[in-house]
Amino acid sequence: MLSKKTKYAFHALTYLGKNKDKGAILISEISEKHNISHKFLENILLELKKAGFLGSKKGKGGGYYLIKEPKEIPLSRIIRLLDGPIALLPCVSLNYYEPCEECENQAQCGLNKVMIEVRDETLKILEMKTLQDILSNE
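Residues 1 to 138 (our numbering) make up the sequence shown, in order.
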């Protein structure tokens with residue numbers, strides 16, 4: 001499951017994408033529109049800014065804005081940034097691999113083999129889908 005943090009990030013990114021012609025958007029506007037704690041949203045937007053998805057402007061007319069086109073923001077990058085691994089088991093993770101403590105022989109583990117397939121298919125979809133796909137479906 002996606003964490004609340006990641007869901008809120010997608011809500012904020014979608015809002016910024018819908019309103020990109022308006023320029024920078026205040027955190028309070030996004031927070032009120034999506035009923036997200038201002039402080040929590042501020043932390044999420046800061047992470048997205050540090051990762052190169054958002055820009056910000058201070059002062060009058062300030063706020064956050066997308067610095068990439070929505071079609072250039074794969075869902076997989078946002079999920080990994082905020083939630084970590086996409087794989088359901090640590091022993092099949094590409095970026096966060098850890099052997100399972102209870103597994104005696106990973107090479108003969110049927111669960112491992114099935115979860116690799118699940119990971120690969122999930123990644124295929126999440127790397128192909130972008131913020132633009134979310135915007136197009138709203």
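From the three backbone atoms N, C-alpha and C, an ideal C-beta is built for every residue, glycine too.
Model, not experiment: these values are computed from the prediction.
Take the alpha-carbon of Leu46 and the one of Leu81: they are about 12 Å apart. Leu126 is a Cβ neighbour of Pro74, given a cutoff of 8 Å.
With contacts defined as CB atoms closer than 8 Å, Tyr8 and Leu54 fail to qualify as a contacting pair. Distance check between Tyr65 and each of Leu48, Gln106, Leu123 and Ile78 places Leu48 closest, using alpha-carbon atoms only.
By the criterion of a C-beta distance shorter than 6 Å, Cys100 is surrounded in its chain by Cys91, once the five residues flanking it on both sides are discounted. Contact annotation, Gly63 with Ile36: C-beta distance approximately 15 Å; criterion of less than 8 Å not satisfied. Nearest to Gly52 by C-alpha distance, out of Cys109, Glu69, Ser31 and Gln132, is Glu69. Looking at Met115, Asn43 and Ala87, the one whose alpha-carbon comes closest to that of Tyr96 is Ala87. Going by beta carbons, Gly17 and Leu131 fall inside the 8 Å limit.
Closest option to Ser31, judged by alpha-carbon separation, among Thr14, Gly23 and Lys22: Thr14.
Excluding sequence positions up to five before and after Thr6, its CB lies within less than 7 Å of the CB of Ile78, Ile79, Leu82 and Asp83, all in the same chain and listed in chain order.
If you draw a 10 Å sphere on the C-beta of Leu89, you find 16 or more other C-beta atoms in it, and that means buried. In the displayed model, Lys68 falls within coil according to three-state DSSP, outside both helix and strand.
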